[in-house]
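Numbering-wise, the sequence shown is residues 3 to 55 according to the numbering used here. Okay, so here's the structure we're looking at.
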Amino acid sequence: MMNSAYNLFKCFFSNKKAEVKVSIRELITYVVLAIVAFFLIYIVWTKLKSFIP
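Right under this line is the structure:
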């Protein structure tokens with residue numbers, strides 16, 4: 003599992019600059035999705051907490 007992760011990392015960093023730009027754009031998209039997911043989980047958790055005394 004660690005070996006495949008290392009190979010993925012190696013492939014990611016050995017890409018051309020144009021592909022790296024696309025990867026950075028994808029990374030930004032994933033970060034935004036993670037933030038949105040975090041806020042949704044936080045809102046749901048606070049709502050559940052208010053229901054439970």
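No residue lacks a Cβ here, since even glycine has one placed at the ideal position from N, Cα and C.
Mapping the DSSP letters down to three states, classify residue i as helix, strand or coil.
i: isoleucine 26; result: helix
i: isoleucine 43; result: helix
i: isoleucine 37; result: helix
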